[in-house]
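Participant:
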Amino acid sequence: MFETVVSFLDMLADMNSDDPAVRSSAVQLLTMLSPLMQQLAQSQKPATVHYAAGRWKSLQEACANLQVTHDPQEHLWDRPDIDKVPPATLSPDVDSVIQRLQRSSYRTIDNSEASIRVVVELLVLDRLHNLRDSGALERLQLHPEVDVCLTLGDAYITGRADWLLCHDDPQYGINSTLLAIEANRSRDFSSADSQIATYLTAVQASRAKVTKIHAIAFGITTDSNQYKFWFLDSEQRIFSLV
Numbered sequence: 005m006f007e008t009v010v011s012f013l014d015m016l017a018d019m020n021s022d023d024p025a026v027r028s029s030a031v032q033l034l035t036m037l038s039p040l041m042q043q044l045a046q047s048q049k050p051a052t053v054h055y056a057a058g059r060w061k062s063l064q065e066a067c068a069n070l071q072v073t074h075d076p077q078e079h080l081w082d083r084p085d086i087d088k089v090p091p092a093t094l095s096p097d098v099d100s101v102i103q104r105l106q107r108s109s110y111r112t113i114d115n116s117e118a119s120i121r122v123v124v125e126l127l128v129l130d131r132l133h134n135l136r137d138s139g140a141l142e143r144l145q146l147h148p149e150v151d152v153c154l155t156l157g158d159a160y161i162t163g164r165a166d167w168l169l170c171h172d173d174p175q176y177g178i179n180s181t182l183l184a185i186e187a188n189r190s191r192d193f194s195s196a197d198s199q200i201a202t203y204l205t206a207v208q209a210s211r212a213k214v215t216k217i218h219a220i221a222f223g224i225t226t227d228s229n230q231y232k233f234w235f236l237d238s239e240q241r242i243f244s245l246v
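So the sequence shown is numbered by this note's numbering: it starts at 5 and just counts up by one.
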């Protein structure tokens, strides 16, 4: 039994190894053990209350259950230094496609969630394509439709993020997430607030578990015309910037 515990601790340590081969091997082993671990964990848990990220009635309700705070008057993400960042432009081909989509006469798809996702993916992938990280050990990847779960006391919270921008595959953990993105139609735009709050809280909790130095999280909500930026700090305060 003692040897088993030691081996498991070694495997967890290998998950944070700087050696990609060691980390990959540990991930494969953990994936094999994951179903059994989940069954054991569930068998020992008391009765829980389940919440779905898309069912919150308001951001305030979500924050209360997520144990984070957001004051619309005080928690404004004011970053005047952003104005000093050199502007960037899209690749001409991508810019042309987006403009044609936004001027499309096919109104049946206009502002649908599907068309919004096309625009957002074009924007993000264009920026990733222009990153100078071809020689990096870990490259940023955009992962769509990522299932996210979070346990807070007797509350079990689940959701599905439209995208997570990560260094590692999120199916093995979301602690490498740099950015969560949620897209909604204009008429449903405000409902994305509570969803992004859920995903940021889950990312922060995941980073804290593996003792990441910066247990913070960033997010974006959009309807492809307006973009709202989010930041969850280490004191569980959510800031927003339009």
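Heads up, the beta-carbon is just placed ideally off N, CA and C, and yes, glycines get one too.
1) Ignoring anything shorter than 3 residues, give me the beta strand (DSSP E) runs that lie fully in the region 189 to 240, in order along the chain.
2) State the Cα-Cα distance for the pair A56 and A196, rounded to the nearest angstrom.
3) Check whether the region 57 to 70 touches the region 155 to 169, counting contact only when three or more Cβ pairs, one atom from each stretch, lie closer than 8 Å.
4) Where do the N-terminal and C-terminal ends of the beta strand (DSSP E) with A92 fall, by residue?
5) Quick check on S21: buried or exposed, where buried means 16 or more other Cβ atoms within 10 Å of its Cβ?
6) When the Cβ atoms of the region 125 to 136 are set against those of the region 150 to 162, are three or more pairs found closer than 8 Å?
7) For S228 versus A187, is the C-beta spacing smaller than 9 Å?
8) With distance defined between alpha-carbon atoms, name the residue in V214, S198, Y176 nearest to G223.
9) Can you tell me whether H74 is helix, strand or coil according to DSSP?
10) So for S29, helix, strand or coil by DSSP?
11) Compute the distance between the beta-carbons of L146 and E125, then report whether it is under 9 Å.
Facilitator: Straight from the coordinates:
1) 221 to 226, 231 to 236, all fully within the region 189 to 240.
2) Near 13 Å, if we compare the C-alpha coordinates of A196 and A56.
3) Pairwise C-beta distances place the region 57 to 70 in contact with the region 155 to 169, as three or more of them are shorter than 8 Å.
4) Note, A92: premise wrong, no beta strand (DSSP E); not H, not E.
5) Exposed is the label assigned to S21, since fewer than 16 other Cβ atoms lie within 10 Å of its Cβ.
6) When Cβ pairs closer than 8 Å are counted between the two stretches, the region 125 to 136 is seen not to touch the region 150 to 162, the count staying below three.
7) In contact: S228 and A187 (Cβ atoms closer than 9 Å).
8) Checked all of V214, S198, Y176; the closest Cα to G223 is S198.
9) For H74, the three-state secondary structure derived from DSSP is coil.
10) S29: helix per DSSP, three-state reduction.
11) The answer is yes: Cβ separation under 9 Å.
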